[in-house]
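K.L.:
Using mature numbering (1 follows the signal peptide of the UniProt record, and there is no 0), the letters of the sequence shown map in sequence onto residues -24 to -1, 1 to 321.
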Amino acid sequence: MKNRISPKIAALVICLITASQSQADTNNNDTNTNKTKEPVYWSVQLENDLLSGGDDRFYTSGLQVNRTKRHSPPQWLDNISHKLPFFIDSENKGGGYSFGQKIFTPEDISVSEVIEDDRPYAGWLYGSASLGAVYEDKANYRAMNAYEFTVGIVGPSSQAGNLQEEIHRITGSETAEGWDNQLHDELGLMATYVRKSEHFRSLNNGLEYSWSPHQVLALGNVYTYAGGGVMFRFGDNLKTDFGPPNIKPGFPGSAFFSPTKNHNWYFFGGVEGRAVAQNIFLDGNTFKDSHSVDKENLVLDAQLGFSYQHDNMRFSYSHVLRSKEFESQDKYANFGSLNVSYYFD
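1. Would you kindly work out how many angstroms separate the C-alpha atoms of Ile143 and His239, rounded to a whole number?
2. Thinking Pro50 and Ala105 are a contact (beta carbons under 8 Å), I'd like their distance in whole angstroms, please.
3. Consult DSSP for Glu141 and reduce its assignment to one of helix, strand or coil.
4. Taking only the alpha-carbon atoms, compute the straight-line gap between Leu107 and Phe75 and give it to the nearest angstrom.
5. Bridge partners for Val252 per DSSP, in chain order?
6. Is Ser86 near the ligand SAH - that is, is its Cβ less than 6 Å away from at least one heavy atom of it?
7. Check the C-beta distance from Ser292 over to Pro220 and give it rounded, since I have them as a contact under 8 Å.
8. Could you say if the stretch 156 to 172 and the stretch 192 to 203 meet the contact criterion of at least three C-beta pairs nearer than 8 Å?
9. Measuring CB atoms only, is the stretch 20 to 37 touching the stretch 293 to 305, in the sense that at least three cross pairs come out at less than 8 Å?
10. Following the continuous alpha helix (DSSP H) through Trp155, name the residue where it begins and the one where it ends.
11. Between Gly312 and Phe227, what straight-line distance do the alpha-carbon atoms span, to the nearest angstrom?
12. Leu53: which of Tyr73, Leu39, Asn42, Val110 sits nearest, CA to CA?
13. In terms of residue numbering, what span does the alpha helix (DSSP H) encompassing Leu53 cover?
14. Taking the alpha-carbon positions, what's the Gly182 to Asp212 distance?
15. Can you tell me where the beta strand (DSSP E) with His295 in it begins and where it stops?
16. In whole angstroms, give me the CA-to-CA distance for Val20 and Ala231.
17. In the structure shown, what three-state DSSP assignment does Lys307 receive?
18. Under DSSP, the beta strand (DSSP E) around Arg118 begins and ends at which residues?
19. Give me the Cα-Cα distance between Ser(-3) and Lys271, rounded to the nearest whole angstrom.
20. With distances taken Cα to Cα, identify the nearest neighbour of Phe233 among Gly70, Glu153, Thr262.
21. Please work out which residues of its chain come closer than 6 Å, Cβ to Cβ, to Arg177, disregarding the five sequence neighbours upstream and downstream, and give them in chain order.
22. So, helix, strand or coil for Thr262, using DSSP?
23. Quick check on this structure: which residue in Leu276, Leu159, Glu124, Phe80 has the alpha carbon closest to the alpha carbon of Leu60?
24. State yes or no: is the C-beta of residue 323 within less than 7 Å of the C-beta of Leu101?
25. When you compare each of Pro96, Thr236, Ala251, Val247 to Leu201 by their alpha carbons, which one comes out closest?
26. On a Cα-Cα basis, can you pick out the residue from His47, Glu153, Glu67 that is closest to Glu89?
27. Considering just the uninterrupted stretch of the beta strand (DSSP E) at His190, what are its terminal residues?
28. Please go through the same chain and pick out, in chain order, the residues whose beta-carbon is closer than 8 Å to the beta-carbon of Met289, but skip the five residues on each side of it.
29. I'd like to confirm the pairing. Which residues does DSSP put opposite Gln279 in its beta bridges?
30. Going by DSSP, which residues form a beta bridge with Thr44?
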């Protein structure tokens, strides 16, 4: 694979993300000088088609690390929260930062030339800042809404091709031959708003179940879509979280949870539909000619999984089925989603 990496662009994106987080931490420290230090939640999310027994194709890998404070959102986001459309403020609000990478390949990675009727090779390296608020009206109902602002780089500077090539070399997997045809470097910007409500019902044996409809709107040159869905959960002590998180686009959850000495568990499953106006990984670059395919404007996800929590740690795994995202795609995609979260007090 030819080296078309632009280190300066990648470094600029990383510096912007790091500087934003450092400034926010400084502001929060100044604000809370005389207060008890608030615990931090760290969450690692891995999404990969190999986790579901599949092959490298389509959305083949995603990795995201979240750093969240449940009651202290980034100060700069908190300062503008009253100006954000649709945002319902609350005393119970938090937020944080995330950093991640996504990798996309066509179905046949053995071909070095452009495959006109298959999706482009593409990588996405990004950082996000989030602000969320939780509000409860009664014992069997609660709701949350959140904003997330994302900046990143699409193209060779995302390092997706180099990373996949190195991982395949270490594991002895087949090398993807077409990374020279990937999308060009492009700065990516995106704003996402999500609202989710949850209704609870208790059973006689101490267990409970819930259903939680949600709505989501994303605007940007990377993704633009509107969607909605519902998640069902069954298990023990469901109010410890809002369900495990997913890498966007995907079901909304929470990187935070309430630590407990008990062994909490639940099964979860749901569906989400999205009306997609823009997907750079299918539509191609915005300002340059690049490989592209005709996308499907309606995409459906179905997810089924299990979550377990004890003390300061939460673990979850789920299987995701995703309908065809472009017209010439021969069948649905599927991948596994693994999340490990830890609460540092």
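All C-beta atoms, glycine included, are put in the ideal place defined by N, C-alpha and C. For clarity, every value in this text was computed on a predicted model and none was experimentally measured.
P.N.:
In short:
1. Here residue 143 is taken as the residue at index 167 of the sequence shown, counted from 1. Here residue 239 is taken as the residue at index 263 of the sequence shown, counted from 1. Each residue's Cα considered, the two are about 35 Å apart.
2. Walking along the sequence shown from the start, residue 50 turns up at place 74. Walking along the sequence shown from the start, residue 105 turns up at place 129. Sure, about 5 Å apart at Cβ, within 8 Å.
3. Mapped onto the sequence shown, residue 141 falls at position 165. Helix at Glu141.
4. What you label residue 107 is simply residue 131 of the sequence shown in a count that begins at 1. What you label residue 75 is simply residue 99 of the sequence shown in a count that begins at 1. Rounded to whole angstroms, Leu107 to Phe75 spans 15 Å at the Cα level.
5. Taking the sequence shown and counting its residues from 1, one reaches residue 252 at position 276. Answer is Tyr201.
6. Among the ligands in the structure shown, none appear at all, so the ligand SAH cannot be discussed.
7. One-based indexing of the sequence shown puts residue 292 at position 316. One-based indexing of the sequence shown puts residue 220 at position 244. The Cβ separation is near 4 Å, so the contact holds.
8. yes
9. yes
10. Within the sequence shown, residue 155 is the residue found at index 179, counting from 1. Here Trp155 belongs to no alpha helix (DSSP H), and DSSP marks it neither H nor E.
11. Indexing the sequence shown from 1 puts residue 312 at position 336. Indexing the sequence shown from 1 puts residue 227 at position 251. Rounded to whole angstroms, Gly312 to Phe227 spans 14 Å at the Cα level.
12. Indexing the sequence shown from 1 puts residue 53 at position 77. Among Tyr73, Leu39, Asn42, Val110, the Cα nearest to that of Leu53 belongs to Tyr73.
13. Taking the sequence shown and counting its residues from 1, the one referred to as residue 53 is at position 77. From DSSP, the alpha helix (DSSP H) with Leu53 extends over 51 to 55.
14. As a working note, residue 182 is residue 206 in the sequence shown. As a working note, residue 212 is residue 236 in the sequence shown. If you take the alpha carbons of Gly182 and Asp212, they lie about 7 Å apart.
15. Along the sequence shown, read from residue 1 onward, the residue named residue 295 stands at position 319. Unbroken beta strand (DSSP E) run through His295: 289 to 298.
16. Residue 20 sits at position 44 when you count from the first residue of the sequence shown. Residue 231 sits at position 255 when you count from the first residue of the sequence shown. Roughly 9 Å between the two C-alpha positions.
17. Here residue 307 is taken as the residue at index 331 of the sequence shown, counted from 1. Of the three classes helix, strand and coil, the one that applies to Lys307 here is coil, per DSSP.
18. Your numbering for residue 118 matches position 142 in the sequence shown. Element bounds for Arg118: 117 to 130.
19. Stepping through the sequence shown from its first residue, residue -3 is reached at position 22. Stepping through the sequence shown from its first residue, residue 271 is reached at position 295. Its pLDDT being 45, under 50, Ser(-3) is placed unreliably in this model, and the value from its coordinates should be taken loosely. Cα-Cα distance, rounded: 39 Å.
20. Your numbering for residue 233 matches position 257 in the sequence shown. Phe233 has its Cα closest to that of Gly70, out of Gly70, Glu153, Thr262.
21. As a working mapping, residue 177 is identified with position 201 in the sequence shown. Counting only Cβ-Cβ distances below 6 Å, and skipping sequence neighbours, we find Tyr185.
22. By 1-based counting over the sequence shown, the position of residue 262 is 286. Note: Thr262 maps to coil in three-state DSSP.
23. Within the sequence shown, residue 60 is the residue found at index 84, counting from 1. With distances taken between Cα atoms, Leu60 lies closest to Glu124.
24. In the structure as shown, the chain begins at -24 and stops at 321. Residue 323 is therefore absent and cannot be evaluated.
25. As a working note, residue 201 is residue 225 in the sequence shown. The sequence as given places Tyr at residue 201; Leu does not occur at that position. When only C-alpha atoms are compared, the closest one is Ala251.
26. The residue given as residue 89 occupies position 113 in the sequence shown. Of His47, Glu153, Glu67, the residue nearest in Cα terms is Glu153.
27. The residue you call residue 190 lines up with position 214 of the sequence shown. Where His190 is concerned, the enclosing beta strand (DSSP E) stretches over 184 to 196.
28. Residue numbering aside, residue 289 sits at position 313 when the sequence shown is read from its first letter. Within the same chain, Met289 has close Cβ partners Val316, Ser317, Tyr318, Tyr319.
29. To locate residue 279, count along the sequence shown from 1; it is residue 303. Its beta-bridge partners are Gly246, Val296.
30. To locate residue 44, count along the sequence shown from 1; it is residue 68. Answer is Tyr17, Gly72, bridged to Thr44.
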